[in-house]
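Novice: First the structure, which I've put down as structure tokens, then a few questions once you've had a look.
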Amino acid sequence: MLDKALPLGSTIGILGDGQLGRMLSQAASRLGFKVVTFGPDAGSPAAQVSLASKVAAYTDEAVLARLAESCDVITFEFENVPAASLDFLTGKGAVVAPSSKALRITQDRVLEKSFAREAGIGTVDFYEINSLEDLQGALEKSGLPALLKTRREGYDGKGQVWIKSLEEAPAAYDSLNGRPSILESKASFTREISVVAARGWNGEIKTFPIGENHHVGGILSTTLAPAQVSEAVTAKAHEIARKVLEGLDYVGVLAVELFVLPGDALLLNEIAPRVHNSGHWTQDGCLCDQFEQHIRAVTGWPLGDTSARCTVEMTNLLGPDILEWPTLAAEPQSRLYVYGKDEPRPGRKMGHINRIKA
1214 MLDKALPLGS
1224 TIGILGDGQL
1234 GRMLSQAASR
1244 LGFKVVTFGP
1254 DAGSPAAQVS
1264 LASKVAAYTD
1274 EAVLARLAES
1284 CDVITFEFEN
1294 VPAASLDFLT
1304 GKGAVVAPSS
1314 KALRITQDRV
1324 LEKSFAREAG
1334 IGTVDFYEIN
1344 SLEDLQGALE
1354 KSGLPALLKT
1364 RREGYDGKGQ
1374 VWIKSLEEAP
1384 AAYDSLNGRP
1394 SILESKASFT
1404 REISVVAARG
1414 WNGEIKTFPI
1424 GENHHVGGIL
1434 STTLAPAQVS
1444 EAVTAKAHEI
1454 ARKVLEGLDY
1464 VGVLAVELFV
1474 LPGDALLLNE
1484 IAPRVHNSGH
1494 WTQDGCLCDQ
1504 FEQHIRAVTG
1514 WPLGDTSARC
1524 TVEMTNLLGP
1534 DILEWPTLAA
1544 EPQSRLYVYG
1554 KDEPRPGRKM
1564 GHINRIKA
């Protein structure tokens, strides 16, 4: 761990080379840090804006060892980095945040929901699935429809399938290629919200205002923040974030996605151990955005002000949406963020736009 703040000019390593790594690198550079990214893609979004990049598989121990030697702290931008790679870096004497423990729990949906239950946080009913027989037995308990997901990886609607009848079970199980999975009961929620929060090495916690999220086809389409939610919902959401941060001994920024039920009860949907799509609004809505906050947290700096300056609607730009950049760039009271990806495939996140509402 860090016992004092890193000085200006220190080097931060980022495992992952996508758009989140890009925006983390930009935030770090503005604060006077040097950034080295590590990922499998040459010319990646993060590499384009960083001092240096190492192109290799996340399991390449020779490159990991060089990263450990050259960086003052190492973090990651997405949860599909192998936890074993973080263990290797720690074993080489590197300071890593968040920890491999936090990553290992949050990258496995069964472990994640089990952790939440143990921390006193409500979730939908869930069942571990390792065979078709497991699935058929779980469906008799869960009720229908129910959602079958892979335990690991899978995002933006990938690696999951709704099951509406018992007869659909074999095809659903086969569609995930027999991978270890989780079956989740359906939540009867009124809205989906998320809370982005940070914790420093000294245990200091700060939470951003709540965002309300709308998904299309399993992919986040828009986030409106601060959301119009009651003080009770805000307090409950912030308390859940605190329990997650402290229970994982977490250092850095994370997002907790929540279902709001009738009567304002909350259920945890997922934990994202990283800066999050639903926190992009903070780039224009807060003095300290989520990317700067993560850099501050992992480098031992004081956490920044999370209060909202205005209401912002963030919209993801998927695939060919980015081709409308001339029109988007001309919108008043808006800021356009482009990720530097070269192929606007359908469903691929190419950028986002923040529209100031008030």
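In our numbering, the protein residues as written are 1214 to 1571.
Positions of the beta carbon are idealized from the N, C-alpha and C atoms, including for glycine.
Taking Cβ to Cβ, would you say L1500 is nearer than 8 Å to D1518?
Specialist: Sequence index remark: in the sequence shown, residue 1500 carries index 287 (1-based). Sequence index remark: in the sequence shown, residue 1518 carries index 305 (1-based). The answer is yes: Cβ separation under 8 Å.
Novice: Pick helix, strand or coil for V1551, following the three-state DSSP scheme.
Specialist: Translated into the one-based positions of the sequence shown, residue 1551 becomes position 338. Residue state, collapsed to three classes: strand.
Novice: With a floor of 3 residues, list each beta strand (DSSP E) that falls wholly inside the region 1373 to 1450, ordered by position along the chain.
Specialist: Complete beta strand (DSSP E) runs here, min 3: 1373 to 1376, 1394 to 1398, 1404 to 1412, 1418 to 1420, 1424 to 1429 and 1432 to 1438.
Novice: State the start and end residues of the unbroken beta strand (DSSP E) segment that holds A1485.
Specialist: By one-based count along the sequence shown, residue 1485 stands at place 272. Taken as a continuous stretch (DSSP letters only), the beta strand (DSSP E) holding A1485 covers L1479 to A1485.
Novice: Skipping 5 residues on each side, what residues in its chain have a beta carbon closer than 8 Å to that of R1561?
Specialist: By 1-based counting over the sequence shown, the position of residue 1561 is 348. Around R1561: L1531, G1532 and K1554.
Novice: Could you spell out where the beta strand (DSSP E) holding F1339 opens and where it closes?
Specialist: As a position in the sequence shown, residue 1339 is number 126, starting the count at 1. First-last of the beta strand (DSSP E) with F1339: F1339 to I1342.
Novice: DSSP state of R1568, grouped into three classes?
Specialist: Residue mapping note: residue 1568 aligns to position 355 of the sequence shown, counting from 1. Correct three-state label for R1568: strand.
Novice: The beta strand (DSSP E) spanning K1247 covers which residue range?
Specialist: Numbered from its first residue, the sequence shown carries residue 1247 at position 34. Its beta strand (DSSP E) spans residues K1247 to G1252.
Novice: Tell me the DSSP bridge mates of T1288?
Specialist: As a first step, residue 1288 must be located in the sequence shown, where it is residue number 75. Looking at the DSSP assignment, T1288 forms a beta bridge with I1227.
Novice: Taking the alpha carbon of K1377 as the reference point, which residue from K1399, A1542 and P1486 has its own alpha carbon closest?
Specialist: For the purposes of this step, residue 1377 is taken as the residue at position 164 of the sequence shown. The shortest Cα separation from K1377 among K1399, A1542 and P1486 belongs to K1399.
Novice: Beta carbon of A1359: closer than 7 Å to some heavy atom of the ligand GTP?
Specialist: Absence of the ligand GTP from the depicted structure is noted, as is the absence of any ligand whatsoever, leaving it without description.
Novice: State the start and end residues of the unbroken alpha helix (DSSP H) segment that holds G1356.
Specialist: Here residue 1356 is taken as the residue at index 143 of the sequence shown, counted from 1. No alpha helix (DSSP H) holds G1356; DSSP gives it neither H nor E.
Novice: Here's the rule I'm using: 16 or more other beta-carbon atoms within 10 Å means buried, otherwise exposed. How should A1440 be labelled?
Specialist: As a first step, residue 1440 must be located in the sequence shown, where it is residue number 227. The residue is buried, with at least 16 neighbouring Cβ atoms inside 10 Å.
Novice: Can you check which of these residues, A1445, F1291 and R1404, is closest to E1366 by C-alpha distance?
Specialist: In the sequence shown, the residue the question calls residue 1366 occupies position 153. When only C-alpha atoms are compared, the closest one is F1291.
Novice: Going by beta carbon distance, what residues of the same chain come within less than 8 Å of R1279, once the five residues before and after it are set aside?
Specialist: As a working mapping, residue 1279 is identified with position 66 in the sequence shown. Result list for R1279: K1267, in chain order.
Novice: Would you list the residues sitting across from N1529 in a DSSP beta bridge?
Specialist: Sequence index remark: in the sequence shown, residue 1529 carries index 316 (1-based). Its beta-bridge partners are H1565.
Novice: Taking the alpha carbon of G1424 as the reference point, which residue from G1226, T1524, A1270 and R1548 has its own alpha carbon closest?
Specialist: For this step, residue 1424 is matched to residue 211 along the sequence shown. Of G1226, T1524, A1270 and R1548, the residue nearest in Cα terms is T1524.
Novice: What's the C-alpha gap between Q1232 and W1538?
Specialist: The residue given as residue 1232 occupies position 19 in the sequence shown. The residue given as residue 1538 occupies position 325 in the sequence shown. Cα to Cα, the separation comes out at about 17 Å.
Novice: Around the C-beta of T1272, are 16 or more other C-beta atoms found within 10 angstroms, so that it is buried, or is it exposed?
Specialist: Locating residue 1272 in the sequence shown gives position 59, counting from the first residue. Under this definition T1272 is an exposed residue.
Novice: What did DSSP end up calling A1255 once you bin it into helix, strand or coil?
Specialist: As a first step, residue 1255 must be located in the sequence shown, where it is residue number 42. Residue state, collapsed to three classes: coil.
Novice: Looking at the unbroken alpha helix (DSSP H) that takes in G1560, where does it start and where does it end?
Specialist: One-based indexing of the sequence shown puts residue 1560 at position 347. It is not in any alpha helix (DSSP H) - G1560 carries neither H nor E in the DSSP assignment.
Novice: Opposite A1265 in the DSSP bridges: which residues?
Specialist: What you label residue 1265 is simply residue 52 of the sequence shown in a count that begins at 1. DSSP lists V1249 as partners of A1265.
Novice: With respect to the alpha helix (DSSP H) encompassing L1277, which residues constitute its N-terminal and C-terminal limits?
Specialist: For the purposes of this step, residue 1277 is identified with residue 64 of the sequence shown, where counting begins at 1. Here the alpha helix (DSSP H) through L1277 covers E1274 to S1283.
Novice: Using DSSP's beta-bridge definition, name the partner residues of E1470.
Specialist: Residue mapping note: residue 1470 aligns to position 257 of the sequence shown, counting from 1. The partner list for E1470 (beta bridge, DSSP) reads S1407 and E1483.
Novice: Taking just the CA atoms, how far does A1411 sit from K1419?
Specialist: Your numbering for residue 1419 matches position 206 in the sequence shown. Your numbering for residue 1411 matches position 198 in the sequence shown. Taking the straight line from one Cα to the other gives about 5 Å.
Novice: Could you spell out the range, first to last residue, of the alpha helix (DSSP H) harbouring D1497?
Specialist: Counting from one through the sequence shown, the residue named residue 1497 turns up at place 284. Its alpha helix (DSSP H) spans residues T1495 to G1498.
Novice: Residues in the same chain with beta-carbon distance under 6 Å from H1493, minus the five sequence neighbours each way, listed in chain order, please.
Specialist: Working through the sequence shown from its first residue, we reach residue 1493 at position 280. The residues are M1527 and H1565.
Novice: I'd like to confirm the pairing. Which residues does DSSP put opposite K1362 in its beta bridges?
Specialist: By 1-based counting over the sequence shown, the position of residue 1362 is 149. BP columns for K1362 point to Q1373 and I1395.
Novice: Quick check: the Cα distance between V1286 and L1228, rounded to an integer number of angstroms?
Specialist: Here residue 1286 refers to the residue found at position 73 when the sequence shown is read from its first residue. Here residue 1228 refers to the residue found at position 15 when the sequence shown is read from its first residue. Near 11 Å, if we compare the C-alpha coordinates of L1228 and V1286.
Novice: Need the endpoints of the alpha helix (DSSP H) that M1236 sits in, please.
Specialist: For the purposes of this step, residue 1236 is identified with residue 23 of the sequence shown, where counting begins at 1. Q1232 to R1243 is the extent of the alpha helix (DSSP H) around M1236.
Novice: Rounded to the nearest angstrom, how far is the Cβ of E1397 from that of L1360, given a contact under 8 Å?
Specialist: The residue given as residue 1397 occupies position 184 in the sequence shown. The residue given as residue 1360 occupies position 147 in the sequence shown. Between L1360 and E1397 the Cβ distance is about 5 Å, and since that is below 8 Å, they are a contact.
Novice: Using the C-alpha atoms, what's the distance from A1265 back to K1217?
Specialist: Working through the sequence shown from its first residue, we reach residue 1217 at position 4. Working through the sequence shown from its first residue, we reach residue 1265 at position 52. The alpha-carbon atoms of K1217 and A1265 are separated by roughly 25 Å.
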